[in-house]
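Report on the following structure.
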Amino acid sequence: MKTLVSQLKALFVLFAIACVAERAHATGSPTLEVYFDQYGAVASLSSPDGATLASHTPYITVSGGKDWYFGGHFGHVEVYMWNPGLAQYDFKAGFDASNVARVWERTSPSTGAGGNALTLNFNGTGDGCNGTINDMDVSNTGDIYMGGSFTSGGGYAYFQYLACYRTASGGWAHNGMFASDQAISDIHFDANGLLEVHAYNLATVYGASYSGDTTSHNFSVNGTTHIVYWHDVNTSFNTFNSGGTLTGSGWWTTSP
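For the sequence shown, the working numbering gives the first residue as 85, with consecutive numbering after it.
Here it is in structure tokens:
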């Protein structure tokens, strides 16, 4: 009997090891753990294996603080919520995601939490970004702009180092601009509502260069500050006429 018990214990250990190995193989990169308190606020963030978050803005809240968007370097997300009755965190959801994810909590009408990778399509396809997100910010219409070391976002190969996910429209949307030659380190909206983009030695971005410009081309960045500004961010998504000609987009400038 003891031999049988020992064999069963050994099999259980092997099964557990296999499950961990399979999870590591499936995700291929670190796990982000998000812990909500009983009131629906993020209580803590952690990682057992080295996940990192965007340096300046690790997460963004939309939908009245009920939806949380996280960016950084991770391949799997686990969501927990505090259970005051048991005085412990309960596991709520786990899913794979490529460096950006939506996590949600609902304390009313029922207590719960979950999340998903950003796979919803709005012209774009695919999940997340194929490299680290260094920084992100959100417009007043809920469009999340991301900068980092990725060369594709939402399946768009031309979302190089800059990407946008439209929370209101439900998906990735190309807006005619990207950084041509440098991974983006800082991205945020300034006091005038312009999207300010910066990277060490950033020299060139891509997109329109003035209001009414209907072409996309390389645009030279200020060689001293390495900062550039994207205008008209709330209506900057490319529009085309019936013949397929670009008729409107945002534009770059080297000063606010």
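Yeah, the Cβ is synthetic: ideal placement off N, Cα and C, and Gly gets one too.
Computed from a prediction, not measured in an experiment: that's the story for all the values here.
Give me whichever residues DSSP pairs with residue i in a beta bridge.
i: G149; result: None, per the DSSP bridge assignment.
i: S236; result: In the DSSP output, where bridge partners are listed per residue, S236 has none listed.
i: T191; result: DSSP output for T191 lists no bridge partner at all.
i: T308; result: DSSP, once it has assigned bridges, lists no residue as partnering T308.
i: L129; result: V118
i: N285; result: Note: N285 sits in no beta bridge, so no partner.
i: I228; result: V222, Y249
i: F154; result: Y143, A185
i: H160; result: T115, D180
i: G255; result: R250
i: G291; result: H301
i: I279; result: The question names Ile, but residue 279 is Leu in the sequence shown. In DSSP, L279 forms a bridge with F273, W314.
Can you list, in chain order, the residues of its chain with a C-beta nearer than 6 Å to that of residue i? Leave out the 5 residues immediately preceding and following it.
i: G178; result: E162
i: Y294; result: W335
i: G210; result: G238, G239
i: S147; result: none
i: F234; result: C213, N214, G215
i: T203; result: D211
i: L286; result: Q266, V305, H310
i: S337; result: The question names Ser, but residue 337 is Thr in the sequence shown. Y313.
In its own chain, which residues sit with a C-beta less than 7 Å from the C-beta of residue i, not counting the 5 before and 5 after it?
i: T111; result: Residue placement at T111 is flagged as unreliable, the pLDDT there being 42, under the threshold of 50; a coordinate-derived value is accordingly withheld.
i: V222; result: I144, V146, I228
i: G134; result: P114
i: N302; result: S264, T288, Y290
Does DSSP put residue i in a helix, in a strand, or in coil?
i: V317; result: helix
i: Q122; result: coil
i: T298; result: coil
i: T216; result: coil
i: M165; result: strand
i: I268; result: coil
i: T203; result: coil
i: A177; result: strand
i: F243; result: coil
i: G260; result: coil
i: A197; result: strand
i: S90; result: Residue placement at S90 cannot be trusted, given a pLDDT of 46 that sits under 50; what the coordinates show is reported in the next sentence. DSSP places S90 in helix when its eight states are reduced to three.
i: L170; result: coil
i: T338; result: coil
Drop a sphere of 10 angstroms on the beta-carbon of residue i, count the other beta-carbons inside from all chains shown, and report buried for 16 or more, exposed for fewer.
i: P340; result: exposed
i: A252; result: exposed
i: A201; result: buried
i: R107; result: Model confidence at R107 stands at a pLDDT of 41, short of 50, so the residue's coordinates are unreliable; what they give is reported in the following sentence. Exposed: under 16 other Cβ atoms inside 10 Å.
i: L279; result: buried
i: L170; result: exposed
i: S182; result: buried
i: Q172; result: exposed
i: K150; result: exposed
i: G260; result: buried
Beta-carbon within less than 8 Å of residue i's beta-carbon, same chain only, minus the 5 sequence neighbours each way: which residues are those?
i: V281; result: G231, L246, A263, I268, D270, I271, V289, I311, V312, Y313, W314
i: A283; result: G231, Y245, A263, Q266, A267, I268, S269, D270, H310
Query raised in the report: Touch check for the segment 136–143 and the segment 214–229: three-plus C-beta pairs under 8 Å?
Result: The segment 136–143 makes contact with the segment 214–229: 3 or more CB pairs, one atom from each, lie closer than 8 Å.
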